[in-house]
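So the protein lines, in turn, are chains V and D. First residue of the first sequence: 1, per my numbering; consecutive thereafter. First residue of the second sequence: 1001, per my numbering; consecutive thereafter. Here a beta-carbon is modelled for each residue, glycine too, at the ideal position from N, C-alpha and C. Nothing here was measured: the structure is a model prediction, and the numbers come from that model. Comments concern the structure below.
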Amino acid sequence: DTEVTQTPKHLVMGMTNKKSLKCEQHMGHRAMYWYKQKAKKPPELMFVYSYEKLSINESVPSRFSPECPNSSLLNLHLHALQPEDSALYLCASSQGRGSADTQYFGPGTRLTVL
Amino acid sequence: EDQVTQSPEALRLQEGESSSLNCSYTVSGLRGLFWYRQDPGKGPEFLFTLYSAGEEKEKERLKATLTKKESFLHITAPKPEDSATYLCAVQAETGANNLFFGTGTRLTVIP
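Structure, rendered in structure tokens:
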């Protein structure tokens, strides 16, 4: 089973709202990722967690706050977003080992910021 | 600097008309090259991982090959359900587990 689940599927929020995106995997993977994807563009890496520790933050604004409560769960907390933050947010996971490490993606959360 | 270029940007094929998608890459030590398929509004679906030049992998109508500078995704006798965007990504030896994506090829198969 190579399933990564994400909730919610769709989210509409105002610029003053606080919301969270959730991601879950039960493959025993130890690396988890957040990507942002705009229409007709490839995914852009935002954060990487390796063994529940934040290992990469690709200069993402502080209005995005990641959290990894345990090895199966990954959250992305959203606060005071801008309309340009509207995008498809993708979660992925991988084994986290040194050799070529295949990432498996979830279905994404379509976020609209009004 | 790591770079991935995919061509063509878009491709329209008649059902049954075989073709190839190209992914050219420049990376400081290749750890792996990955092919994904993505349908509109959905997450990328993993297809293949290639590790070294000369390697080939097949799945149904798809075959991926790898040289030291590029990878090809060959589509044999495509069907309309093969319509999607195909993404190529590389993982460098020095880049942790990061994936560096190309911009994709948008494939449309006409019945």
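Asked: Sufficient close CB pairs (3 or more, under 8 Å) joining the stretch 1101-1111 of chain D to the stretch 1070-1085 of chain D; Found: yes
Asked: Close beta carbons around L78 of chain V, own chain, < 6 Å, minus the five adjacent residues each side; Found: K19
Asked: Below-9 Å beta-carbon distance, P66 of chain V vs any chain D residue; Found: no
Asked: Closer than 8 Å at the beta carbon, the chain D residues around F182 of chain V; Found: Limits of chain V in this structure are 1 at one end and 114 at the other, which puts residue 182 of chain V out of reach.
Asked: Beta carbon of F1034 of chain D nearer than 9 Å to that of Q103 of chain V; Found: yes
Asked: Backbone CA spacing between L1050 of chain D and L54 of chain V [nearest angstrom]; Found: 28 Å
Asked: T1103 of chain D: contacting residues in chain V (beta-carbon distance under 9 Å); Found: K40, K41 and P42
Asked: Any C-beta of chain D under 9 Å from that of T102 of chain V; Found: yes
Asked: Cross-strand partners of M32 of chain V (DSSP beta bridge); Found: V:Y49 and V:S93
Asked: Contacting residues, own chain, Cβ-Cβ under 7 Å from S72 of chain V (five flanking each side not counted); Found: E24, Q25 and H26
Asked: Interface residues of chain V facing Q1003 of chain D [CB-CB closer than 9 Å]; Found: In chain order: nothing, as chain V lies at least about 13 Å away.
Asked: Validate contact between the stretch 86-94 of chain V and the stretch 1054-1071 of chain D using beta carbons, cut 8 Å, 3 pairs; Found: no
Asked: Exposure label - V12 of chain V; buried when at least 16 CB within 10 Å; Found: exposed
Asked: Whole-angstrom distance between T16 of chain V and R1031 of chain D, CA atom to CA atom; Found: 42 Å
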